[in-house]
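K.L.:
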Amino acid sequence: MIESCWSPVASLLIRPWTLSAIDGPSPPGCYFTRAPGHWVHHGETVARGVSVDFLARKERIRAVVICVGVLRGVEMALVWRKKCRHFSTKLSYKHNLGEEPLRHITVGTLLKETAWKFGDRKAVISKHQNKSLTFAEALVEADKLAAGFRTLGLEKNDRVGLWAPNLVEWYITKLACARSGLIMVGLNPAYQPPEMEYCINKVGIKAIVCADKFKNADFYEKLITIAPELDKSDPGKLRSNKVPSLETVITTSENKKIGAFNFGEVLDLATENSIRNIQKYQKYITADDPCNLQFTSGTTGKPKAALTSHFTMVNNSFYIGKRNELNLKHHTICLQVPFFHAFGTVISVMAALNHGSTLVLPTDGYNPDKSLDAIVEEKCTVIHGTPTMYVDLVHKQEERKENISPEIAVSGGALCAPHLFKKMLNVLNVKKVKSVYGLTETTAVVFHSLVTENEEKAVSTVGHVGEHLEVKVIDKEGNLVPCGSAGELCIRGYCNMLGYWEDEEKTKEMMGQDKWLKTGDQFVLEEDGYGKVVGRLKEMIIRGGENIFPKEIEEFLNTHPDILETYVNTLPDIPSWRSSLKTTTATPDGPFGQHPPGYFVVEEPREDDDGNPKRCAPFFPFPILNLPRVDKLTSHVGLGHPERGFSVMEEPREGYNSNSTSGFVVCPLLSLPPFSIYPARQFN
C-alpha cells in the first residue's frame with residue numbers, strides 16, 4: 001500500500017494509490033506520489049525508469065517513474081501514468097437518430113412563429129441601455145430595418161458586418177439580415193483596424209453596422225483609419241481604395257457621423273409598402289440559403305470565415321435549447337458571453353428565439369458585478385458563461401451573498417473543474433451545470449449535457465452527442481479506434497458548415513467528399529455516446545515516443561480541492577528547457593490563495609545560499625481573449641529566454657480582470673530529470 005494525501009506543503013499533486021498488477025497502456029498524465037520510508041514496487045525499490053502499477057479511484061494505472069527525491073523529509077516520486085481504460089470491442093462511431101424531425105424553415109420564419117406564440121413576452125432586456133423588446137416588437141423592428149437595408153440597395157446574399165458589443169441594435173440587426181436574405185458577418189468588437197480591413201476584404205462586406213464606442217475604442221475613428229475617404233463621402237456612397245467592397249456605414253451613435261447613417265435613420269427609411277414587400281419576400285428565402293458568416297479565432301493563422309445556413313442555425317439552436325431545458329418553461333437568461341461568438345449567436349440568441357426565452361444583457365462587455373446585479377434584479381433562471389466567468393461570478397457571490405437561485409448554468413469554452421462545479425452548485429445555488437462542445441465550423445454544438453445527466457458525467461465529459469449527428473474517432477490512418485481510446489474526432493450531419501468563404505482548399509482540408517468534418521481535436525468517445533476532449537493535435541507533446549496532451553494534466557490538476565482552473569500549454573522546444581506552461585486559478589481562502597497560485601518547478605535542484613532554487617519563473621496575468629477564456633497559444637509571450645531569467649508583465653492585457661487571483665507559472669514537468677519541486681510559498 002502506498003499512503004498519500006493532498007498536501008500543498010509537500011507537493012502539488014499527492015493522492016492515495018493502491019498497488020495492483022495490471023496491463024494495457026492508454027493516455028499518459030502526471031502524478032506525484034510518496035511512500036513512508038521507501039519506494040516499493042513488487043518488493044523492489046522504485047527507481048527512475050521503473051514501471052509501477054496502481055489502482056486509483058478504481059481506475060487502473062500503469063506509470064513510469066521519472067525521478068525520485070526528498071522534499072522536506074518526505075520521499076517523493078514523479079511518475080507519468082498510463083490509465084488503462086476498460087477495453088471495448090465496439091468502435092468509436094455513434095449516430096444519434098434524434099426523437100424529432102429536423103425543421104426546414106428560415107430564421108425569419110422562426111422569428112414570425114415566435115412572435116405569434118409569445119408576442120408580449122420580453123425577447124431581450126438590455127440593462128446597460130435601459131431598453132427592452134418583446135418578441136412582437138422584435139419582429140416589427142427587424143422588418144423595418146430589413147426594409148431600410150433594401151432601400152439602401154442591399155440585395156440577397158450581400159454581406160453585412162455587425163461590429164458591436166452586446167446591444168439591442170445587434171439583436172435587431174441579426175434578425176433583420178435574416179428577414180432580408182442578407183448574410184450577417186459577426187465581427188469581434190475588439191478587432192483593430194488591420195484585422196477589420198482583413199475581414200472586410202476577405203468576405204466582401206458591403207455594409208457595416210457598428211457601435212459608437214466600446215471601452216476605450218471609437219469604432220468610427222477605427223473605420224476612418226481603414227477607409228480615410230469615409231469622412232469625405234456621402235452616406236451610403238463610400239468608395240475606398242483599401243476596402244473597395246464597403247459602401248455603407250451605419251452607426252448606433254446618437255450623434256451624426258460624416259459619411260455614415262445613424263441606426264434610427266435606416267429604420268426611418270422603411271415605409272408601409274417596403275415593410276409589406278419584406279413580408280412577401282420571405283418565400284424567396286430558403287432554409288438552405290446562407291445566413292451567417294463566423295470568423296474563426298485565428299490562433300493558427302489568419303481567421304477563416306465559416307458559412308452556415310438558416311437550416312443549420314435553426315435546428316442546432318433548437319436542440320441546444322431542449323438540452324438546456326428551455327422548452328419546459330419560460331426562462332430568463334443572463335448572457336455574459338459576447339453576441340458575435342457562436343456561444344452568443346447560436347447557443348443564446350437563436351436558442352432563446354426557438355423557445356421563447358428572455359435574454360438579459362447585464363452590460364455591453366463583461367463585468368461580474370453587473371452580471372450578479374442582473375441575476376438578482378431580473379430573477380434569471382439560466383446563466384450563460386465560460387469557466388473563467390464563473391470563477392469571477394463565484395467570487396462576487398461569496399463577497400455579496402445575494403439571494404439568488406438560478407436553475408441552470410451553461411458553460412462553454414472549456415470543461416468546468418470539479419471544484420468550480422461544486423462552487424457553482426453551492427455558492428451560486430444552481431441546480432444543474434451543463435457543458436457544451438462544438439466548433440465554429442459545426443454552427444455551434446455537437447456534444448451537450450443531457451437533461452438526465454449525473455454529476456460525474458457533467459464534470460468529466462463534454463456531454464452526449466447531439467440529435468441527428470454522426471460522430472467517429474479515427475487514428476492517423478483514418479481507421480476507427482475502439483471506444484474509450486483517443487483519436488481525432490470527426491463529425492457529419494446537418495450542423496456542418498457550407499464551407500469556408502471563398503477558400504476551397506481549406507474547406508477540402510477540413511471536410512472531404514464524404515462530408516466528414518475533421519475537428520483536429522483528440523477525443524475519446526465512450527460506448528454510451530458521451531465524449532471527452534483530450535487535446536488538440538497541434539498541442540500534442542511527444543516525449544520518449546509517448547503522446548502527452550496538456551488537457552490531461554489540466555484535468556488532473558483540477559481535481560485538487562483548492563484549484564478552480566488550470567491551463568497547460570507547451571512552450572517552444574528549447575534544447576535545455578523542454579517544458580510545459582501551467583496556469584491555475586486558486587480559491588481565495590485555500591492554501592494557494594494566500595500566496596501566488598501554482599507551484600514553481602525548476603529544472604535542476606541547484607540552490608543558492610538561502611536554499612532557494614537559482615532559477616524560477618514569476619507569475620503573470622492570464623492573457624485573455626475578448627471572449628473571456630485563456631489564450632493558450634499566446635500565454636507564454638513575454639516569458640523571455642529561460643536561460644536569462646524571465647520578465648514580468650507589469651500591465652494586464654485588455655479584458656483581464658485585475659481582481660482575479662489568476663496567474664501562471666512555467667512548470668517544466670517534461671524537463672529531463674533530475675529536477676526538484678518547490679512550493680510557491682518559498683518565494684517572495
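Under full-length UniProt numbering, the first residue of the sequence shown is numbered 1, with each subsequent residue one higher. Ideal Cβ positions, reconstructed from N, Cα and C, are used throughout, including at glycine.
Does DSSP put residue 341 in a helix, a strand or coil?
P.N.:
Of the three classes helix, strand and coil, the one that applies to residue 341 here is coil, per DSSP.
K.L.:
May I ask you to list the residues that DSSP assigns as paired with residue 530?
P.N.:
According to DSSP, which records beta bridges pairwise, residue 530 is partnered with 464.
K.L.:
With a 10 Å radius around its C-beta and 16 neighbouring C-beta atoms as the bar for buried, classify residue 197 as buried or exposed.
P.N.:
So residue 197 ends up on the buried side.
K.L.:
How many Å lie between residue 346 and residue 445 at the Cα?
P.N.:
About 9 Å.
K.L.:
Would you report the Cα separation of residue 702 and residue 321, rounded to the nearest angstrom?
P.N.:
There is no way to answer for residue 702, as the model of the chain reaches only from 1 to 684.
K.L.:
Out of 263, 260, 207, 190, which one is the CA nearest neighbour of residue 216?
P.N.:
Ranking the options by Cα distance to residue 216, first place goes to 190.
K.L.:
What span of residues does the alpha helix (DSSP H) with residue 394 cover, start to end?
P.N.:
Residues 387–400.
K.L.:
Our contact map puts residue 164 next to residue 199 with C-beta atoms below 8 Å; I'd like the distance itself, whole angstroms only.
P.N.:
14 Å between Cβ atoms; not a contact.
K.L.:
On a Cα-Cα basis, can you pick out the residue from 465, 513, 492, 503 that is closest to residue 524?
P.N.:
Per the Cα distances, 465.
K.L.:
Please report how far the alpha carbon of residue 206 lies from the alpha carbon of residue 246, in whole angstroms.
P.N.:
If you take the alpha carbons of residue 206 and residue 246, they lie about 4 Å apart.
K.L.:
For residue 125, which residues does DSSP report across the bridge?
P.N.:
Answer is 132, 360, bridged to residue 125.
K.L.:
May I have the straight-line CA-CA distance separating residue 491 from residue 450, to the nearest angstrom?
P.N.:
Approximately 19 Å, taken between the alpha carbons.
K.L.:
According to DSSP, is residue 601 helix, strand or coil?
P.N.:
The predicted model places residue 601 with a pLDDT of 33, which falls under 50 and marks its position as unreliable, so this point remains unresolved.
K.L.:
Quick check on residue 282: does DSSP put it in helix, strand or coil?
P.N.:
Correct three-state label for residue 282: helix.
K.L.:
Ends of the alpha helix (DSSP H) at residue 163?
P.N.:
Residue 163 -> not in any alpha helix (DSSP H); beta strand (DSSP E) instead, spanning 159–163.
K.L.:
Where do the ends of the alpha helix (DSSP H) carrying residue 369 lie?
P.N.:
Looking at the DSSP string, the run of the alpha helix (DSSP H) that includes residue 369 is 368–378.
K.L.:
Alpha carbon to alpha carbon, how far is residue 311 from residue 518? Give it in angstroms, no decimals.
P.N.:
Approximately 21 Å between the Cα atoms of the pair.
K.L.:
Nearest-angstrom Cα distance between residue 116 and residue 176?
P.N.:
Those two C-alpha atoms are separated by around 17 Å.
K.L.:
Quick one, which of 534, 528, 532, 533 has its alpha-carbon nearest residue 95's?
P.N.:
The shortest C-alpha separation from residue 95 is found at 528.
K.L.:
Which stretch, first to last residue, makes up the beta strand (DSSP E) that contains residue 487?
P.N.:
Per DSSP, residue 487 belongs to the beta strand (DSSP E) from 486–493.
K.L.:
Closest by CA to residue 265, which one among 235, 167, 230, 183?
P.N.:
Among 235, 167, 230, 183, the Cα nearest to that of residue 265 belongs to 235.
K.L.:
Beta carbon of residue 332, beta carbon of residue 271: below 7 Å?
P.N.:
Contact: no.
K.L.:
Whose C-beta lies closer than 6 Å to the C-beta of residue 438 among residues of the same chain, with five residues either side of it excluded?
P.N.:
444, 445, 446.
K.L.:
When burial is assigned at 16 or more other CB atoms within 10 Å of the CB, is residue 258 buried or exposed?
P.N.:
Residue 258 comes out exposed.
K.L.:
Could you please give the first and the last residue of the uninterrupted beta strand (DSSP E) stretch that includes residue 114?
P.N.:
Run containing residue 114: none in the beta strand (DSSP E); it sits in the alpha helix (DSSP H), 107–117.
K.L.:
Quick one: what's residue 420 bridged to in DSSP?
P.N.:
Note: residue 420 sits in no beta bridge, so no partner.
K.L.:
Roughly how many whole angstroms lie between the Cα atoms of residue 279 and residue 416?
P.N.:
About 44 Å.
K.L.:
Can you have a look at residue 535 and say buried or exposed, based on whether 16 or more other CB atoms are within 10 angstroms of its CB?
P.N.:
Residue 535 comes out buried.
K.L.:
Apply the 10 Å Cβ neighbour rule to residue 99 and answer buried if 16 or more other Cβ atoms are within range, or exposed otherwise.
P.N.:
Looking at its Cβ environment, which holds fewer than 16 other Cβ atoms inside 10 Å, residue 99 is exposed.
K.L.:
Would you kindly work out how many angstroms separate the C-alpha atoms of residue 335 and residue 430, rounded to a whole number?
P.N.:
Cα to Cα, residue 335 sits roughly 15 Å from residue 430.
K.L.:
Alpha carbon to alpha carbon, how far is residue 109 from residue 127? Give it in angstroms, no decimals.
P.N.:
Rounded to whole angstroms, residue 127 to residue 109 spans 28 Å at the Cα level.
K.L.:
Beta-carbon of residue 132 versus every beta-carbon of chain B: anything under 7 Å?
P.N.:
Of the chains in the structure shown, none is chain B; there is only one protein chain.
K.L.:
Looking at the structure shown, is residue 191 part of a helix, part of a strand, or coil, going by DSSP?
P.N.:
Coil, per DSSP.
K.L.:
Report the option in 462, 145, 422, 269 whose CA atom is closest to the CA atom of residue 323.
P.N.:
That would be 462, whose Cα lies nearest to the Cα of residue 323.
K.L.:
Is it right to say residue 143 is buried, meaning 16 or more other beta carbons lie within 10 angstroms of its own, or is it exposed?
P.N.:
Looking at its Cβ environment, which holds 16 or more other Cβ atoms inside 10 Å, residue 143 is buried.
K.L.:
From residue 231 to residue 202, what distance separates their C-alpha atoms?
P.N.:
One C-alpha to the other measures close to 23 Å.
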